[in-house]
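Here the structure is laid out as structure tokens; the discussion comes afterwards.
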Amino acid sequence: MSQDVEIEISKLLHSSFSGGTAVSMRDLSRMWSLEMQWFSPDSALSLARRLHSAGWLVGSQDSLEPCSSIPDHPPEMGWRPFLSRFEEMPESPDTDTEDEAPPPMDEPAEKDEGGESSSIEIPLAKMTSIVSSMSGLERREVLRRAERKRRALGPVSLEIAILLLAREQNLEMGDLVRFLD
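Sequential numbering of the sequence shown, starting at 2, is according to this note's numbering.
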């Protein structure tokens, strides 16, 4: 069972760090939760912390990379991680040879109610309203069609699905693309 978890972790890290650049913990959890939609934002951040403390991720909170001794297991088409069912996080292959523990991480300050999620929902609501007014569709219909498109395409964010819907409706994309930043 531990080897299955190690393979799942290897696939997760392979798909997350295929470019070879370091990523902050916030960006990593945002990618897993919002872009890939594999986990909720809280469980993605928790998983990133657990991987860091177990030695699978090395570096500081602002610059994480996978440890160098991770075996390469590229995920197959349509793969989704199932790490949430495993309570015990195995140590990385690198930690058997090193006695050095990863540096302690600073706990992020508690976010106020509606913190990060509301900052994501506001551009989404504005984008939905603009597509609705430009296309003549009701907001509810825009969201329904975008959600349907997102389900059909797989790991696509709702924002991208709304942009694809707008493109289908032959709408001007310039005003909408700025909401992605």
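For every residue, glycine included, the Cβ atom is placed at its ideal position computed from N, Cα and C.
Bear in mind that the values here come from a model prediction, so they are computed numbers and not experimental data.
Same chain, Cβ closer than 7 Å to residue i, five either side skipped, listed in chain order
i	result
Ser34	Phe40, Ser41, Pro42, Ala45
His74	Ile8, Ser11, Lys12, His15
Leu125	Leu159, Glu160
Gly60	Ala23, Glu66
Lys127	Phe180
Arg51	Met90
Rounded distance between the beta-carbons of residue j and residue i, thought under 8 Å
i	j	result
Ala167	Leu177	6 Å
Gln170	Ser130	That pair is no contact at about 14 Å.
Met90	Ala55	4 Å
Ser25	Gln62	7 Å
Boundaries of the alpha helix (DSSP H) in which residue i is found, first to last residue
i	result
Ser16	3 to 17
Pro42	42 to 54
Ile71	Run containing Ile71: none; DSSP gives neither H nor E here.
Glu169	159 to 169
Arg31	26 to 31
Arg141	140 to 154
Leu177	175 to 178
Cβ-based neighbour list, residue i, same chain, cut-off 6 Å, excluding 5 preceding and 5 following
i	result
Ser64	Ala23
Ala162	Ala147, Lys150, Arg151
Ser118	With a pLDDT of 45 at Ser118, under the threshold of 50, the modelled position of that residue is not reliable, and the figure given next carries that caveat. Nothing listed; no residue qualifies.
Pro76	Lys12, Ser16
Ser3	Pro91
Buried or exposed (CB count within 10 angstroms, at least 16 for buried), residue i
i	result
Arg179	exposed
Ala153	exposed
Asp100	Because the pLDDT of Asp100 is 42, which lies under 50, any placement of that residue in the model is unreliable, and the number read from its coordinates should be weighed accordingly. Exposed.
Ser69	exposed
Ser30	buried
Cα-Cα separation, residue i to residue j
i	j	result
Leu58	Ser133	42 Å
Leu165	Asp5	37 Å
Glu173	Met32	27 Å
Pro67	Glu142	42 Å
Met106	Phe83	Reliability fails at Met106, whose pLDDT of 46 lies under 50, so the model's placement of it is uncertain and no value is given.
Ile71	Phe18	12 Å
Gly21	Leu144	35 Å
Leu181	Gly175	11 Å
Glu139	Gln38	26 Å
His53	Trp80	22 Å
The beta strand (DSSP E) enclosing residue i, as first and last residue numbers
i	result
Val59	58 to 61
Leu65	64 to 67
Sequence-distant residues of the same chain with beta carbon closer than 8 Å to residue i, five excluded per side
i	result
Glu36	Pro156, Ser158
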